[in-house]
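Residue numbers (this note's numbering), protein chains in the order written: chain A, 1 to 260; chain B, 1 to 170.
Report on the structure given below.
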Amino acid sequence: MNERDDAFSESIATYALGALPASEAADVAAHLLSCAACRAEYDDLRGIASLVGFAAESTPSELDELTSARMKSRVMTAVRADAGARANGIASPARVAARSSSPWFAYGLAAAAVVLAVFSSIDDAALRSRVSDQSQTIAALQSQNANVSALERRLALVVAPGSKRFPVANGEVIESDGRILIALSGFPAAPSGKVYQAWTLSRGAKTVAPSVTFTTDAAGHALVELPESAVNLVAVAVSAEPPGGSKAPTSKPTFVRTLS
Amino acid sequence: MARVRERDVAAFESIYDAYHRLVHGIALKMLGDPMAAEDLTQAVFLKLWSAPDAFESGNFGAWISRVTRNRALDVLRSRALRVETEIPADVPMDGSLDDSVFATLDAERVRVALANLPEEQRHPIELGFFGGITHEEIARRTATPLGTVKTRIRAGLRKLRSQLATSVAR
Chain A
1 MNERDDAFSE
11 SIATYALGAL
21 PASEAADVAA
31 HLLSCAACRA
41 EYDDLRGIAS
51 LVGFAAESTP
61 SELDELTSAR
71 MKSRVMTAVR
81 ADAGARANGI
91 ASPARVAARS
101 SSPWFAYGLA
111 AAAVVLAVFS
121 SIDDAALRSR
131 VSDQSQTIAA
141 LQSQNANVSA
151 LERRLALVVA
161 PGSKRFPVAN
171 GEVIESDGRI
181 LIALSGFPAA
191 PSGKVYQAWT
201 LSRGAKTVAP
211 SVTFTTDAAG
221 HALVELPESA
231 VNLVAVAVSA
241 EPPGGSKAPT
251 SKPTFVRTLS
Chain B
1 MARVRERDVA
11 AFESIYDAYH
21 RLVHGIALKM
31 LGDPMAAEDL
41 TQAVFLKLWS
51 APDAFESGNF
61 GAWISRVTRN
71 RALDVLRSRA
81 LRVETEIPAD
91 VPMDGSLDDS
101 VFATLDAERV
111 RVALANLPEE
121 QRHPIELGFF
131 GGITHEEIAR
141 RTATPLGTVK
151 TRIRAGLRKL
161 RSQLATSVAR
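Below, the structure is given as structure tokens:
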């Protein structure tokens, strides 16, 4: 290993772990093509770095049986539909779905594959119509179920023992189980053509980071869970922004609440 | 996996049963959002069904862990809220993790081996794998010089390999 190799050797383990920025990763990848010693080191560490993921395997408390069964049902329904379509020589959008880089888009198309597979095996027009109606009903119920589950989860966080409440005008910011929620009632509607956007400030940060956008209902109600972990957050703010949100606030915050 | 390549639904279901908690756990830890973790888990397994040839040989659990991590990084990149922090580059997937010594390793052994690492080595490794952040961000968060972070990651991974090899040999 020469001097140049030494310069790279310290980076190889970090590259194998997947924690190098793109520019540095490209340099290391190029070096590995021409240096057998460094490539051997990389091959040795890459597998072990991948095993680190094993430590995160979900426990029954993190993935309960009900959720686990629901997930499996969705995956296996799509897979069986795709297998049936393949057996019948029919192209299935499930294959397109799995190629998509967006998991949400993928799931939507996989669900579409299920409907398509059902259609492909039914010739009778009346039956197709009934299946269509039932599929739409099932899809609507699944959507409602997902919405109810999400709401139940947010409500559970709000009322969880040990949750911390930080009052704001017409509402509260709530820290519960490592999550942040914004609960509003009688909150003024966002200006025409605008939505509300939440912002978070991490400890030591000089600027706020953009979080989710949301709207209130006619009575000014909203219960929003931020995707960020509460760890290291020191403040939450809300401002009116264009639909889709902004990367930095473009209006005076409706409120800024420190989490202390 | 050979049977999955032949579109054997029962074989795929067995693999799903064996690995869905691993995929979900990584997704949940990286994304911090149960709904997003469910979606990602489903996407990973649908991808596996759609393109089973992507896995060639070696430790399947390690391979699907890496696939899950790379897809979680895609999700983090798509979240506008992460604009202030650079997401690290993916580790290239070449379909093979030829390490037969660890072919039968289970999660508990890895958890124990990780727990036995010195905190100064374990913490940057976990941040690097699950945090979706670069070594520069790890250095900032742990108030440690960049070079020291790299050194500790390398020492930690080597020690982890040694501990797991000993564990498997028992």
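We treat Cβ as the ideally placed atom computed from N, Cα and C, and that holds for glycine.
| task | Throw me the rounded Cβ distance for the leucine 51/A and alanine 62/B pair, which I believe falls under 8 Å. | result | 5 Å
| said: I need the straight-line Cα distance from valine 173/A to serine 202/A, nearest angstrom please. | reply: 15 Å
| request: Answer yes or no: does any C-beta atom of chain A fall closer than 9 Å to that of glycine 95/B? | output: With a pLDDT of 42 at glycine 95/B, under the threshold of 50, the modelled position of that residue is not reliable, and the figure given next carries that caveat. Glycine 95/B does not count as touching chain A.
| task | Hey, could you find the ends of the alpha helix (DSSP H) isoleucine 64/B is sitting in? | result | 60–78
| Are there 16 or more other CB atoms within 10 angstroms of the CB of glycine 244/A, so buried, or fewer, so exposed? | exposed
| query | Do you know how far the Cα of glutamine 163/B is from the Cα of threonine 41/B? | reply | 29 Å
| field | chain B contact residues for valine 79/A, given Cβ-Cβ distances below 7 Å | value | Val9, Phe12, Trp49
| query | Near alanine 230/A, which residues of its chain fall below 7 Å by C-beta distance, leaving aside the five closest residues on each side in sequence? | reply | Glu175, Gly178, Arg179, Ile180
| task | For the alpha helix (DSSP H) holding leucine 46/B, just list the boundary residues, first then last. | result | 34–50
| query | Which residues in the same chain as serine 251/A place their Cβ atom closer than 6 Å to its Cβ, once the five residues preceding and following it in sequence are excluded? | reply | Ser239, Ala240
| Coil, strand or helix - alanine 222/A by DSSP | strand
| query | How would you call threonine 207/A, buried or exposed, if buried means at least 16 neighbouring beta carbons within 10 angstroms? | reply | exposed
| field | Cβ neighbours of alanine 172/B in the same chain (closer than 7 Å, five flanking residues each side left out) | value | This structure cannot speak to residue 172/B, because chain B is shown only from 1 to 170.
| request: Rounded to whole angstroms, what's the CA-CA distance from alanine 219/A to serine 185/A? Just pull it up for me. | output: 7 Å
| request: Buried or exposed for tyrosine 19/B, please, with buried defined as at least 16 other CB atoms from any protein chain shown within 10 angstroms of its CB. | output: buried
| task | Output the boundary residues of the beta strand (DSSP E) element that contains proline 210/A. | result | 209–214
| What runs of the beta strand (DSSP E), each 3 residues or longer, lie entirely inside the segment 45–75 of chain A? | none
| said: By the three-class DSSP mapping on this structure, what secondary structure does alanine 115/B have? | reply: helix
| said: Looking at the strands, I want to know which residues DSSP matches up with glycine 171/A. | reply: Val168/A, Leu184/A
| field | Residues near threonine 215/A in its chain [Cβ-Cβ closer than 6 Å; skip 5 each side] | value | Val195
| query | Can you name, in chain order, every residue of its own chain whose Cβ lies under 6 Å from the Cβ of serine 167/B, other than the five neighbours on each side? | reply | Arg109
| Cut-off 8 Å between Cβ atoms - residues of its own chain near valine 149/B, not counting five sequence neighbours on either side | Pro124, His135, Ile138, Ala139, Thr142
| From cysteine 35/A to glycine 18/A, what does the alpha carbon distance come to, in whole angstroms? | 19 Å
| query | Does the beta carbon of threonine 134/B sit closer than 9 Å to a beta carbon anywhere in chain A? | reply | yes
| task | Identify every residue that forms a DSSP beta bridge with serine 239/A. | result | Gln197/A
| task | Scan the segment 222–242 of chain A for residues whose Cβ lies nearer than 8 Å to a Cβ of chain B and list them as they occur along the chain. | result | Pro227, Glu228, Ser229
| request: Check whether the Cβ of threonine 68/B lies closer than 9 Å to any Cβ atom in chain A. | output: yes
| Own chain residues within Cβ distance below 7 Å of alanine 37/B, not counting five before or after | His24, Ala27, Leu28, Leu31
| field | Simplified DSSP state of glutamate 6/B, which is helix, strand or coil | value | coil
| said: Distance cutoff 9 Å, beta carbons only. Does threonine 59/A sit that close to anything in chain B? | reply: yes
| said: Considering just the uninterrupted stretch of the beta strand (DSSP E) at arginine 257/A, what are its terminal residues? | reply: 255–258
| said: The alpha helix (DSSP H) that contains threonine 142/B, what's its start and end? | reply: 135–142
| field | Residues that DSSP places opposite leucine 233/A in a beta bridge | value | Ser202/A
| Per-residue burial, threonine 59/A [other beta carbons within 10 Å of its own, 16 or more giving buried] | exposed
| task | Could you give the DSSP three-state label for glutamate 228/A: helix, strand or coil? | result | strand
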